[in-house]
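Chains S and R are the protein sequences, given in the same order. Numbering follows the numbering used here, with no gaps: position 177 of the first sequence is 177. To convert a position in the second sequence, counted from 1, into the numbering used here, add 1000. Heads up: the structure comes next, in structure tokens.
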Amino acid sequence: MNDVNDLFPLLPELILAALVLVVITADLFLRRADKWLLTPITVVGLVLAGIACPIVWGTNHTVFGGFYRVDDLSVFLKGATIVIGVLSALFAPSYLASRRLPLGEFNAILIFSLLGMCILASSSDLITLFLGLELMVLPAYILAGFHKTDRYSNEGGLKYFLLGSFASAILLFGTSWTFGLTGTTHLSGIAQAVSRGETSPALLVAIGFLTVGATFKAAAVPFHYWTPDAYQGAPTPITGFLSVGPKLGAFALLIRVFVDALGPIRADWLTVMAILAVLTMTGGNIVALTQVNVKRMLAYSSIAHTGYILAGLAAYAAATTTDARAFGIQAILFYVLGYGVMNVAAFAVVGMLQRDTRRFGGLGSFAGLGARAPWLAASMVILLLSLTGIPPTVGFFAKLYVLVATVDAGIGWLAVAIALNAALAAFYYLRVIVYMYMRDPEADPAPIDASPFGSLALGLSVAGVLLLGVFPSFVLDVLHASALSIF
Amino acid sequence: MQPPILTLVVFTPLIGVLVLLAIPGHNQRAIRWVALLAALTSLGFSLALTGYRPDGPEFQFRESLDWIPAFGMGYRLGVDGLSVVLVILTTVLSVVSIFYSWDPIQTRVKEYYATMLLLMVGMLGVFVSLDLFLFYVFWEISLIPMYLIIGIWGGPRRIYATVKFVIYTLVGSLLMLVAILAVAIAHGNASGQFTFDYLVLRGFSYTDNLQALAFIAFFLAFAIKVPMWPLHTWLPDAHVEAPTAGSIILAGVLLKLGGYGFLRYSLPLLPDASKSFAPIVIGLAIVAILYGALVSMVQPDLKKLIAYSSVSHMGYVMLGAFVFNVQGLEGAVFQMISHGITTGALFLLVGVIYERTHDRLIAHMGGLNAKLPRYAAIFGLFTFASIGLPGLSGFIGEFLVVLGAFRFNAWVAAATMLVVIFSAVYMLWMFQRVFFTVPSGWMRRFWPSLKDMSRNEWLAVAPLVVLVVALGVFPGPVLHALDAPMQRIVEIVNGSSGLTSFQLPW
Chain S
1 MNDVNDLFPL LPELILAALV LVVITADLFL RRADKWLLTP ITVVGLVLAG
51 IACPIVWGTN HTVFGGFYRV DDLSVFLKGA TIVIGVLSAL FAPSYLASRR
101 LPLGEFNAIL IFSLLGMCIL ASSSDLITLF LGLELMVLPA YILAGFHKTD
151 RYSNEGGLKY FLLGSFASAI LLFGTSWTFG LTGTTHLSGI AQAVSRGETS
201 PALLVAIGFL TVGATFKAAA VPFHYWTPDA YQGAPTPITG FLSVGPKLGA
251 FALLIRVFVD ALGPIRADWL TVMAILAVLT MTGGNIVALT QVNVKRMLAY
301 SSIAHTGYIL AGLAAYAAAT TTDARAFGIQ AILFYVLGYG VMNVAAFAVV
351 GMLQRDTRRF GGLGSFAGLG ARAPWLAASM VILLLSLTGI PPTVGFFAKL
401 YVLVATVDAG IGWLAVAIAL NAALAAFYYL RVIVYMYMRD PEADPAPIDA
451 SPFGSLALGL SVAGVLLLGV FPSFVLDVLH ASALSIF
Chain R
1001 MQPPILTLVV FTPLIGVLVL LAIPGHNQRA IRWVALLAAL TSLGFSLALT
1051 GYRPDGPEFQ FRESLDWIPA FGMGYRLGVD GLSVVLVILT TVLSVVSIFY
1101 SWDPIQTRVK EYYATMLLLM VGMLGVFVSL DLFLFYVFWE ISLIPMYLII
1151 GIWGGPRRIY ATVKFVIYTL VGSLLMLVAI LAVAIAHGNA SGQFTFDYLV
1201 LRGFSYTDNL QALAFIAFFL AFAIKVPMWP LHTWLPDAHV EAPTAGSIIL
1251 AGVLLKLGGY GFLRYSLPLL PDASKSFAPI VIGLAIVAIL YGALVSMVQP
1301 DLKKLIAYSS VSHMGYVMLG AFVFNVQGLE GAVFQMISHG ITTGALFLLV
1351 GVIYERTHDR LIAHMGGLNA KLPRYAAIFG LFTFASIGLP GLSGFIGEFL
1401 VVLGAFRFNA WVAAATMLVV IFSAVYMLWM FQRVFFTVPS GWMRRFWPSL
1451 KDMSRNEWLA VAPLVVLVVA LGVFPGPVLH ALDAPMQRIV EIVNGSSGLT
1501 SFQLPW
């Protein structure tokens, strides 16, 4: 059954797995002064894995006896994963170096997590799904507590680990109910089983557990309270990764479970998803409004973004035509990619202002940045405008995508909720611009960390944010094919 | 093939921005010249639009390119008479404010001019877009530069003012985005062609429910921008804190984006809803006209007085737009242009005295006529233009609006006519307190060093003097250009049946 041909569609995953070994081995043999080489090695390896994505594009079939499905949707998510990985790998080194944290271990753990995200995106069976999820989040727990001697990092890591395990357990409980009720762990088998007849109360219980578990991972309100502490404690560039990587994974999980397996009974979970979306965006925004620490503000705002993405899932469920349903999925995919790029970069800018290790990313660090570091400030302005959703940036187009999907699906009230929330969010994002350009620098301004890798990644991110915002056309076809590949 | 005039008009300032980025920040002279040249070039291109033929096709100088075909979004540009006059108003006022900033702006010069030019791109883009999505993009692009201009180069409470301005505007515009999408999707679902092309969407008849909701969303966006009572509260704050050039652009052009939005989008796209909601809008407009005038009377600050008078004047625009006859509509547009010139000039002149005394309180002035006769003369000219003295541009707009209102309802016309008296009261009383009477103790401290208007200030205000007189004496060409577009709006709205199935709660 498992012939060698089954391995070929796994090319990106295989490259990632090999890359982990290469990085660990290289870390052993490189002298301390040469450790920086680990970053180029990692990035080159990730780029190779990225190149493998177009090669396996269009495979669209399951391998390993139905446990693993390489479709265009999964390939798109893998591509997005690798983009996030490259940016994280470039942003982290100088921050880690100034705190004497080991680069080799960071890179290896990061790649493990990326591999988990790829497996999660491709899983077509509850078992593989759980495997991918754990491979993604276990390294993430380690990364959150990566700063071993910092008690905030320890606290964040521990909270993340405990609550994350708790969520995994709930999810696992939900999958066991689902298995018990449908007699199969294959997602397609579950889809067939649930589409027969009425939805039993027991199945609703199962859906309930799955929803709680999955939205826990995605950090939706009211299952979000682990995020701010975990995000604030972690080293800042790692926070950037944690705020988008595992989130991408969580949405891969949501798509796989709720679209692939529970798609036929979407009417049963539509209302819950829509309400969760509104709660999440509003809750995240309101708490973010009160934050005076930019890192924490970005953490809460990432919750709000989860809400917007969930609205895409609600649009999928509410739509009546295949095209409109596919549109909801496309909105999720585009948002996850765009959000990934802008949020990793925004956290990285916060990190660049933490060269002085006693700084925690307060608003004061940003005071007068426009005069002190014009290019860094201008980049941050573009990222913040993108997070707010002002054209011509990727953040705007991503919100537009979700809005079109929700209006198209006939749930205009959700679109109105998104619009009002975006205006609310403008308040706290623009406040950072106020500090950068409209206030004088502090007496003792934060030193700026402008490493070549970090600057390169920031340049790439800003270019990507503008490019995807002005000319999104070139990814739209890819998105369309990705979304249609699961119908 | 024609040269792409509209693209040149809109994007020349952007080229200016790119050039500015390459100039080192300390070379202020070069920066000012580049910014002025970019704005002047754009003005030059915009003058080519005077080649617009009123008897030609509805939209001229058209350009059309695919942008995001999957979403039916295109780079579609075109102008009719309405757009032409507003584009020229924008380029003229931009040049004036960039030129005026020569001396007053001394900090972060490079950033200042880059934001001014970006603002120009956004405003011009709004007036020439023939695609709802493109329109929205330009609409939002015009927001951020003004946010920065007030927030960075503004007065002491600038941060409060600018954040208020942005949040107000964003709430309206994001709801408008939802309405734009709803309109495009409704059309797409019915016809199978998903597009944001204005000309396609305009001809479609939307359901009453959609029209009513979309009208409310558009109304919020545009009414906040106009600004209409009771959504005007951001305006006085923004004006008081904005630097002079920012005030000129804010009053001169940004408020017109709202009026333009009503005429270009609300009325033709949603005629039934417009017809049914018209009484409410007219009611609000009358309140705005009255309220603005009454509140202006008691303002201690010159800028605040002019800001509140804008609320009153823009009320005329709204009134003219919603009485649905050609006189009213043409009056509304003319009033927008005239208000842009007059108020722009008044803010500039307030800036002139502010540069000398760093104060704008009317109580701190007095007797300036004796010391600054030429300044007083120019200020007087625009005071009269603002009141609506015949022979100056303000008269034409107000007269036409009142005429249109009279055809709609004589009592409405009578009420608005009364307000003209109020406007004479607050403007002339202000003029008297500033230029006649005896100089205040405060002013006496500056008395020896007070100088009349400098050459640069003369040069900045000169084009506005020419325009305010020329438009007052020869309104014909502008009105002629507006005939066909306004006639079309009247036909569309009056040909509609109003909302029938949508139950209004009143």
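Backbone N, C-alpha and C define an ideal beta-carbon position, used for all residues, glycine too. Model, not experiment: these values are computed from the prediction.
Discussion item. Can you tell me where the beta strand (DSSP E) holding R/I1064 begins and where it ends?
Written reply: Reading off the sequence, residue 1064 of chain R comes out as Ser, not Ile. Looking at the DSSP string, the run of the beta strand (DSSP E) that includes R/S1064 is 1060 to 1068.
Item to complete: Give the residues of chain S in contact with R/I1353, contact being defined as C-beta atoms less than 9 Å apart.
Response: Within chain S, no residue comes near R/I1353; the closest Cβ sits about 26 Å away, beyond 9 Å.
Worksheet item: Which of the three DSSP states, helix, strand or coil, is assigned to S/S461?
Response: Reduced to three states, the DSSP call for S/S461 is helix.
Worksheet entry | Straight-line gap, S/S455 to S/N154 (C-alpha atoms, nearest Å) | Taking the Cα positions, S/S455 is about 29 Å away from S/N154.
Worksheet item: For S/D34, which option in S/P102, S/L181, S/T280 has the closest C-alpha, if you only look at C-alpha atoms?
Response: When the alpha-carbon of S/D34 is set against those of S/P102, S/L181, S/T280, the nearest one is in S/P102.
Item to complete: Pair every Cβ in the segment 1388 to 1396 of chain R with every Cβ in the segment 1442 to 1461 of chain R, then say whether three or more of these pairs are closer than 8 Å.
Response: At 8 Å Cβ cutoff, the stretches do not touch.
Worksheet item: Contact between the segment 69 to 85 of chain S and the segment 111 to 119 of chain S: three or more CB pairs below 8 Å?
Response: The answer is yes - the segment 111 to 119 of chain S touches the segment 69 to 85 of chain S, with three or more Cβ pairs under 8 Å.
Worksheet item: If you draw a straight line from the C-alpha of S/E13 to the C-alpha of S/T128, how long is it?
Response: Those two C-alpha atoms are separated by around 14 Å.
Discussion item. Please give me, in chain order, every unbroken run of the beta strand (DSSP E) with length at least 3 that falls completely inside the segment 347 to 389 of chain S.
Written reply: None, since the segment 347 to 389 of chain S contains no complete beta strand (DSSP E) of that length.
Worksheet item: Under a Cβ-count criterion, where at least 16 other Cβ atoms within 10 Å of its own Cβ denotes burial, should S/G65 be classed as buried or exposed?
Response: It counts as exposed.
Discussion item. Restricting to Cα atoms, I'd like to know which of R/R1488, R/A1184, R/L1254 is closest to R/F1059.
Written reply: Of all alpha-carbon atoms in R/R1488, R/A1184, R/L1254, the one lying nearest the alpha-carbon of R/F1059 is that of R/R1488.
Worksheet item: Which chain R residues sit within Cβ distance under 9 Å of S/Y437?
Response: Neighbours of S/Y437 on chain R, chain order: R1108, E1111, L1148, G1151, I1152.
Item to complete: Please classify R/G1154: does DSSP put it in a helix, a strand, or coil?
Response: Assigned with DSSP and collapsed to three states, R/G1154 falls in coil, not helix or strand.
Worksheet entry | Cβ pair count under 8 Å reaching 3, the segment 349 to 361 of chain S against the segment 282 to 300 of chain S | By the Cβ test, the segment 349 to 361 of chain S is in contact with the segment 282 to 300 of chain S, since at least three Cβ pairs between them sit closer than 8 Å.
Worksheet item: Quick one, which of R/K1275, R/R1433, R/E1398, R/K1371 has its alpha-carbon nearest R/T1500's?
Response: Minimum Cα distance to R/T1500 is reached at R/K1275.
Item to complete: Please list, in chain order, all residues of the same chain as S/P237 whose beta carbon is under 6 Å from its beta carbon, the five residues on each side excluded.
Response: Contacts found: F91, A92, Y95, A348, G351.
Worksheet item: Taking buried to mean at least 16 other C-beta atoms within 10 Å of its own C-beta, is S/P235 buried or exposed?
Response: Under the 10 Å beta carbon count, S/P235 is surrounded by 16 or more other beta carbons and is classified as buried.
Fill in: S/T62, DSSP secondary structure in three states
Assignment of S/T62 by DSSP, reduced to helix, strand and coil, places it in the strand class.
Worksheet item: If you draw a straight line from the C-alpha of R/P1505 to the C-alpha of R/A1212, how long is it?
Response: A caution first: R/P1505 carries a pLDDT of 45, below 50, which makes its placement in the model unreliable, though a value can still be read off. If I take the Cα positions, the gap works out to 12 Å.
Discussion item. By DSSP's criteria, R/V1079 is part of a beta bridge. Which residues make up the other side?
Written reply: Per DSSP, R/Q1060.
Practice prompt. State yes or no: is the beta carbon of R/P1505 nearer than 9 Å to at least one beta carbon in chain S?
Written response: A caution first: R/P1505 carries a pLDDT of 45, below 50, which makes its placement in the model unreliable, though a value can still be read off. With a threshold of 9 Å between beta carbons, R/P1505 makes no contact with chain S.
Worksheet item: Around the C-beta of S/N107, are 16 or more other C-beta atoms found within 10 angstroms, so that it is buried, or is it exposed?
Response: That one is buried.
Item to complete: Kindly indicate the opening and closing residues of the beta strand (DSSP E) around S/R151.
Response: In this chain, S/R151 is not harboured by any beta strand (DSSP E); it is covered by the alpha helix (DSSP H) spanning 151 to 182.
Practice prompt. Just the chain R side, please: which residues come within less than 8 Å of S/F130 by C-beta, in chain order?
Written response: The contacting residues do not exist; S/F130 stays about 36 Å from chain R at best.
Worksheet item: So what does R/D1131 bridge to, in DSSP terms?
Response: R/D1131 is bridged by DSSP to R/D1197.
Item to complete: For the segment 171 to 248 of chain S, list the alpha helix (DSSP H) runs that are entirely contained and at least 4 residues long, ordered along the chain.
Response: Counting whole runs of 4 or more residues, the segment 171 to 248 of chain S contains the alpha helix (DSSP H) stretches 187 to 194, 201 to 218, 227 to 233.
Fill in: Classification of R/S1266 by the beta-carbon crowding that lies within 10 angstroms, buried from 16 upward
Of the other Cβ atoms in all chains shown, 16 or more fall within 10 Å of the Cβ of R/S1266; this residue is therefore buried.
Worksheet item: If S/I382 and S/V465 are in contact, beta carbons under 8 Å, what's the gap, nearest whole angstrom?
Response: That belief holds up - the Cβ atoms of S/I382 and S/V465 are roughly 6 Å apart, short of 8 Å.
Fill in: C-beta atoms of R/L1132 and R/A1184 nearer than 9 Å
Cβ atoms of R/L1132 and R/A1184: closer than 9 Å.
Worksheet item: Within 10 angstroms of its Cβ, does S/T211 collect 16 or more other Cβ (buried), or is it exposed?
Response: The residue is buried, with at least 16 neighbouring Cβ atoms inside 10 Å.
Worksheet item: So what does DSSP say about S/R69, is it helix, strand or coil?
Response: Assigned with DSSP and collapsed to three states, S/R69 falls in strand.
Discussion item. Using a Cβ-Cβ cutoff of 7 Å, what residues of the segment 381 to 412 of chain S are near chain R? List them in chain order.
Written reply: Near chain R, meaning a CB-to-CB distance below 7 Å, the residues of the segment 381 to 412 of chain S are L385, I390, P391, P392, L403, V404, V407, D408, G412.
Discussion item. If distances are taken between C-alpha atoms only, which option among R/R1062, R/I1023, R/I1280 comes closest to R/V1009?
Written reply: Residue R/R1062 is the option with its Cα nearest to R/V1009.
Practice prompt. State yes or no: is the C-beta of S/A422 within less than 9 Å of the C-beta of S/G389?
Written response: Yes. Within cutoff.
Worksheet item: Using DSSP with H/G/I as helix, E/B as strand and the rest coil, what is S/L101?
Response: If DSSP states are grouped into helix, strand and coil, S/L101 belongs with coil.
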